[in-house]
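**Student:** Those letters in the first sequence? Residues 2 to 306, by the working numbering. A single structure is presented below for examination.
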Amino acid sequence: MFGAIYERISRHFESWGGQATIAIVGATGTGKSVLAENIAERFDCGILSADSMQVYRFMDIGTAKVPIEERRVPYFGIDLVSPDEPYSAARYQEYAQNVLKEEHKSNRPVLVCGGTGLYIRAALDEFSFSPGTCVDNATRIRYEQLAAERGPAALHAQLAEKDPASAAAIHPHNVRRVVRALELLDNGSNYATQSAQMRNYQVREEVLYIGLMASREHLYHRLDLRVDNMMTAGLLDEVSWLLDQGYRAALTSMQAIGYKEFFPVLDGCAPIEEAISKIKYATHRYAKRQETWFKRDDRIEWFNL
RNA sequence: GGUCGGGUAGCUCAGUUGGUAGAGCAGAGGACUGAAAAUCCUCGUGCCGGCGGUUCAAGUCCGUCUCCGACCA
Numbered sequence: 002m003f004g005a006i007y008e009r010i011s012r013h014f015e016s017w018g019g020q021a022t023i024a025i026v027g028a029t030g031t032g033k034s035v036l037a038e039n040i041a042e043r044f045d046c047g048i049l050s051a052d053s054m055q056v057y058r059f060m061d062i063g064t065a066k067v068p069i070e071e072r073r074v075p076y077f078g079i080d081l082v083s084p085d086e087p088y089s090a091a092r093y094q095e096y097a098q099n100v101l102k103e104e105h106k107s108n109r110p111v112l113v114c115g116g117t118g119l120y121i122r123a124a125l126d127e128f129s130f131s132p133g134t135c136v137d138n139a140t141r142i143r144y145e146q147l148a149a150e151r152g153p154a155a156l157h158a159q160l161a162e163k164d165p166a167s168a169a170a171i172h173p174h175n176v177r178r179v180v181r182a183l184e185l186l187d188n189g190s191n192y193a194t195q196s197a198q199m200r201n202y203q204v205r206e207e208v209l210y211i212g213l214m215a216s217r218e219h220l221y222h223r224l225d226l227r228v229d230n231m232m233t234a235g236l237l238d239e240v241s242w243l244l245d246q247g248y249r250a251a252l253t254s255m256q257a258i259g260y261k262e263f264f265p266v267l268d269g270c271a272p273i274e275e276a277i278s279k280i281k282y283a284t285h286r287y288a289k290r291q292e293t294w295f296k297r298d299d300r301i302e303w304f305n306l
């Protein structure tokens, strides 16, 4: 199986050389990192991580970062910010596109590897996030309060009045997205127009997409084992250390799987076993969502494990 | 051996005064352009432990057997 992937990738390197980009995608636990490391070493190129949680420093075990001592090639996209710094797909896009530009300028191919679908697209697709300044936090909080006070339906109705197309595209219960659409309006943009671009998968010949997948049964088993291994590697200590440093539970970074589940344990109101099984279940669902995301991208060439 | 609980969806359990069952979790499918490991949508027929009985009708009442738990000997 690896042989087939190596062959496919070699061919791509031969045609594009230092301008080649190879994306290795798929659900968590399918072995993307190991494959990427092997290929990057063999073809002498760097790895750009496309992972919304590996960007945070100090969150090492739970986000399954490749340990520094095991890295044999340059890595990008890891440890970019501290856990209390707001990060976003837009910020990642700017960063990633810059890495790609710089590497290609030096005639080095790049391996993009990750499971955050939106980040993969932000890095490799020709689309831009809403122009202009980023919406300030106050606006967001205002809309969230509105939803809390008058209910999600009322907020959605407000959106429907101002922007029927976007309202139609977002389920009324999806407060987060309704809020975002309202923010965009305030900012002179439009959710529906933007998201329409998302369905446009442009083919760039220099980019090769390799997708890794495994049967659910097999994958879930592997993921469960990985969680157990994270525990022996000291995941609980990592979480408790982060909290000790003052990184509070409400932070986006702390919503990561393998972190938020331990808060009740550290507060002493839940047994550790409960957290572990919650982490396993959450990981299963996450893997499923990742598959759903990547499945519809027909540029991806799939390899079954 | 006896008394009392309890055996209902893969798991934990609800089930009103008898009218052939429903939640959470798990699981499956899907959406998704500035939080994306987030957020959101859809999907629940299962010998209601077995067998008899009462009744027009039993998960629901009665008898009996069986299994699990607690307690008493």
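Ideal Cβ placement from N, Cα and C applies to all residues, glycine included.
Enumerate in chain order the residues of its own chain whose CB-to-CB distance from Ala-257 is below 7 Å, with the five nearest sequence positions on each side excluded.
**Tutor:** What you label residue 257 is simply residue 256 of the first sequence in a count that begins at 1. Cβ within range, chain order: Met-54, Met-60, Gly-63 and Thr-64.
**Student:** Decide if the segment 284 to 304 is in contact with the segment 40 to 59; the criterion is three or more beta carbon pairs, one per stretch, under 8 Å apart.
**Tutor:** Counting Cβ pairs under 8 Å, fewer than three are found: no touch.
**Student:** Within this structure, are the beta carbons of Ser-196 and Ser-131 separated by less than 8 Å?
**Tutor:** As a position in the first sequence, residue 196 is number 195, starting the count at 1. As a position in the first sequence, residue 131 is number 130, starting the count at 1. Taking 8 Å as the Cβ cut-off, Ser-196 and Ser-131 do not qualify as a contacting pair.
**Student:** Quick one: what's Ile-23 bridged to in DSSP?
**Tutor:** By one-based count along the first sequence, residue 23 stands at place 22. DSSP lists Leu-112 and Leu-209 as partners of Ile-23.
**Student:** Starting from Ser-50, follow its DSSP beta bridges and name the residues at the other end.
**Tutor:** Numbered from its first residue, the first sequence carries residue 50 at position 49. For Ser-50, which the question treats as bridged, DSSP gives the partners Cys-114.
**Student:** So which of Leu-252, Arg-217 and Leu-244 has the shortest CA-CA distance to Glu-282?
**Tutor:** As a first step, residue 282 is located in the first sequence; it is residue number 281 there, counting from the start. The residue you asked about is not Glu; residue 282 is Tyr in the sequence shown. When each option's Cα is compared against that of Tyr-282, the closest is Arg-217.
**Student:** Going by C-alpha distance, which of Ile-10, Arg-58 and Ala-155 is nearest His-172?
**Tutor:** Indexing the first sequence from 1 puts residue 172 at position 171. Nearest of Ile-10, Arg-58 and Ala-155 to His-172, Cα basis: Ala-155.
**Student:** Suppose the cutoff is 7 Å on Cβ atoms and the five residues either side in sequence are ignored; what does the same chain contact list for Asp-229 look like?
**Tutor:** Indexing the first sequence from 1 puts residue 229 at position 228. Excluding positions up to five away in sequence, the list is empty.
**Student:** Indicate the three-state DSSP secondary structure (helix, strand or coil) for Phe-130 in the structure shown.
**Tutor:** Numbered from 1 along the first sequence, position 129 holds the residue referred to as residue 130. Three-state result, Phe-130: coil.
**Student:** DSSP three-state call for Ile-258: helix, strand or coil?
**Tutor:** As a first step, residue 258 is located in the first sequence; it is residue number 257 there, counting from the start. Residue state, collapsed to three classes: coil.
**Student:** If I measure Cβ to Cβ from Gln-20 and keep anything under 6 Å in the same chain, skipping five residues before and after, which residues do I get?
**Tutor:** Within the first sequence, numbered from 1, the residue matching residue 20 stands at position 19. His-105 and Glu-207, listed in sequence order.
**Student:** Quick one: which unbroken alpha helix (DSSP H) runs of 4-plus residues sit fully inside the segment 142 to 220? Chain order, please.
**Tutor:** Segments of the alpha helix (DSSP H) lying fully in the segment 142 to 220: 153 to 163, 165 to 170, 176 to 187 and 192 to 199.
**Student:** Cβ of Pro-84 within 8 Å of Cβ of Tyr-120?
**Tutor:** On the first sequence, position 83 is the one that residue 84 refers to. On the first sequence, position 119 is the one that residue 120 refers to. Against a cut-off of 8 Å, the Cβ pair of Tyr-120 and Pro-84 comes out as no contact.
**Student:** How about Val-111 and Thr-233: do their beta carbons lie closer than 8 Å?
**Tutor:** Counted from its first residue, the first sequence places residue 111 at position 110. Counted from its first residue, the first sequence places residue 233 at position 232. The answer is no: Cβ separation not under 8 Å.
**Student:** So which of Gln-203, Arg-12 and Ala-276 has the shortest CA-CA distance to Met-231?
**Tutor:** Your numbering for residue 231 matches position 230 in the first sequence. Considering only alpha carbons, the answer is Ala-276.
**Student:** Name the two residues that bound the continuous alpha helix (DSSP H) containing Phe-14.
**Tutor:** By one-based count along the first sequence, residue 14 stands at place 13. That run of the alpha helix (DSSP H) goes 3 to 17.
**Student:** When we look at the beta-carbon of Lys-296 and count the other beta-carbons within 10 Å, is it buried (16 or more) or exposed?
**Tutor:** In the first sequence, counting from the first residue as 1, residue 296 sits at position 295. Burial call: exposed.
**Student:** If we ignore side chains and look at the alpha-carbon of each, how far apart do Leu-213 and Tyr-221 end up?
**Tutor:** Along the first sequence, one-based indexing puts residue 213 at 212. Along the first sequence, one-based indexing puts residue 221 at 220. In a straight line, the C-alpha of Leu-213 is about 14 Å away from that of Tyr-221.
**Student:** If you draw a straight line from the C-alpha of Glu-71 to the C-alpha of Gly-4, how long is it?
**Tutor:** Locating residue 71 in the first sequence gives position 70, counting from the first residue. Locating residue 4 in the first sequence gives position 3, counting from the first residue. Roughly 23 Å between the two C-alpha positions.
**Student:** Counting pairs of beta carbons, one from the segment 142 to 150 and one from the segment 90 to 103, are three or more of them closer than 8 Å?
**Tutor:** Contact between the segment 142 to 150 and the segment 90 to 103 is absent, because fewer than three Cβ pairs lie under 8 Å.
**Student:** With DSSP as the reference, label Phe-263 as helix, strand or coil.
**Tutor:** As a position in the first sequence, residue 263 is number 262, starting the count at 1. Three-state DSSP puts Phe-263 in a helix.
**Student:** Identify whether Ile-301 lies in helix, strand or coil by the three-state DSSP scheme.
**Tutor:** In the first sequence, residue 301 corresponds to position 300, counting from 1. Note: Ile-301 maps to strand in three-state DSSP.
**Student:** Between the C-alpha atoms of Pro-68 and Val-35, what's the straight-line distance to the nearest angstrom?
**Tutor:** If you number the first sequence from 1, residue 68 lands on position 67. If you number the first sequence from 1, residue 35 lands on position 34. If you take the alpha carbons of Pro-68 and Val-35, they lie about 12 Å apart.
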